[in-house]
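Here is the structure we will look at, set down as structure tokens.
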Ligand code: NIG
Ligand code: FE
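Residue numbers (my numbering): 1 to 411.
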């Protein structure tokens, strides 16, 4: 069996004796680490790790990490990396004063992306999405959730989900697929919203389930998009087909999305820029991971989610990029970490927990990813020399990821 040894790691972060479900509340500021460490990889799994005194002498391949730090790869649990075209025209419109919601009301935004995607052949979409996937892997991401939602027709939603299935086959990173047919109501249904919802429920869902194209069902439950009642209707249908909810909630208003997500056992509720005490209480009594996407708040100029308040109340929090052409054209997790520190007052240890263990929970891979633990998949990132852990989020915009290892292979 081939072995790969990483030795002389100055600091090895996020070590654990066994996989952890999640890290919440005051635990989030603890980040277990080992100084002067090694990691031994056998095939694609972590076989052992510890301090250099116990380091094995031989291995088929050796990587010297003197002066560098290592940690589990990022688990980016919320992205939309399958899309046909960028939307910098709308970016300029927003600079000139239009709001994101106004652009959507005029048929731009998600509907603009849907028109472009409907006209784009599957192989072209795959080629573009694969490039984005390669890009985020270089940024240190080792597990990623990818949504549909720019198709909005039977054919194009399935086309997107097939592209995600292809990406799963082409790449070694762990990928989860989410059906987001309820991302927006196409313009021809604006006078009869139920007709589109019935298309999702009666036509898209059965085919997606039959072809096993998705792991989750998502709804954009927010002002101007889907109501709480519509969200409940769609989630119920998805659950019948074995899809667990993972929803977009409270990005544009206090929409009731958190409560409806929790009610239907969502694995995560995401965005949460508008979150009050009632929503925090609701989450505290649940198994749902609140997932925050600060680079969306940054790009749209909307309020940041109250992460500090949520963690201080005892909640876990995950961080993800939301990489998409409209509200976050970036898949760089380290920038998300910097924003979470600067704009949401999370500590460096907290952002690492949020981007590893808690991100893994949000996409149900916490049993084999998210921490350095024997038996886990060997998805790791090695940084350039850091003066301390805080240097990573502090030096925003710098590229401090030195080496990426996916399933035991160095890229
Ligand atoms: O997560 N909020 C809804 N959907 C995406 C953005 C969609 C778009 O503008 O293309 C998001 O921000
Ligand atoms: Fe999103």
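The beta carbon of each residue, even a glycine, is placed where N, CA and C say it ideally should be. These numbers were taken from a predicted model, which means no experiment stands behind them.
{"Asked": "Burial state of residue 95, where buried means 16 or more other Cβ atoms lie within 10 Å", "Found": "exposed"}
{"Asked": "Other residues of its chain near residue 165: CB distance less than 8 Å, five sequence neighbours each side excluded", "Found": "177 and 213"}
{"Asked": "Distance cut-off 7 Å: residue 76 Cβ against heavy atoms of ligand 2", "Found": "no"}
{"Asked": "Contacts around residue 51, its chain only, beta-carbon distance under 7 Å, and the 5 residues preceding and following it disregarded", "Found": "34, 36 and 37"}
{"Asked": "DSSP beta-bridge partners of residue 318", "Found": "291"}
{"Asked": "First and last residue of the uninterrupted beta strand (DSSP E) at residue 346", "Found": "No beta strand (DSSP E) holds residue 346; DSSP gives it neither H nor E."}
{"Asked": "Backbone CA spacing between residue 292 and residue 319 [nearest angstrom]", "Found": "5 Å"}
{"Asked": "Beta bridge counterpart(s) of residue 74 as assigned by DSSP", "Found": "141"}
{"Asked": "CA nearest to the CA of residue 299, picked from 308, 321, 289 and 316", "Found": "321"}
{"Asked": "Reduced DSSP secondary structure (H/G/I, E/B, other) of residue 19", "Found": "coil"}
{"Asked": "Three CB pairs or more closer than 8 Å across the region 131–144 and the region 305–313", "Found": "no"}
{"Asked": "Residue span of the alpha helix (DSSP H) that contains residue 151, given as start and end", "Found": "No alpha helix (DSSP H) holds residue 151; DSSP gives it neither H nor E."}
{"Asked": "Three-way DSSP call (helix, strand, coil) for residue 281 in this model", "Found": "helix"}
{"Asked": "Spatial distance of residue 337 from residue 180 (CA atoms)", "Found": "26 Å"}
{"Asked": "Rounded C-alpha distance that separates residue 99 from residue 26", "Found": "37 Å"}
{"Asked": "Inter-residue spacing [alpha-carbon to alpha-carbon] between residue 119 and residue 211", "Found": "23 Å"}
{"Asked": "Cut-off 6 Å between Cβ atoms - residues of its own chain near residue 332, not counting five sequence neighbours on either side", "Found": "139"}
{"Asked": "Cβ-based burial, residue 194 [other Cβ within 10 Å; buried from 16]", "Found": "exposed"}
{"Asked": "Touch test, the region 107–114 against the region 355–367, Cβ-Cβ under 8 Å, three pairs minimum", "Found": "no"}
{"Asked": "Rounded straight-line distance, which links the Cα of residue 376 to that of residue 230", "Found": "39 Å"}
{"Asked": "Residue closest to residue 228, alpha-carbon to alpha-carbon, out of 56, 81, 253 and 204", "Found": "253"}
{"Asked": "For residue 50, three-class secondary structure by DSSP", "Found": "strand"}
{"Asked": "Residue from 31, 13 and 202 whose Cα sits closest to the Cα of residue 347", "Found": "31"}
{"Asked": "For residue 206 and residue 345, the rounded distance between their alpha carbons", "Found": "43 Å"}
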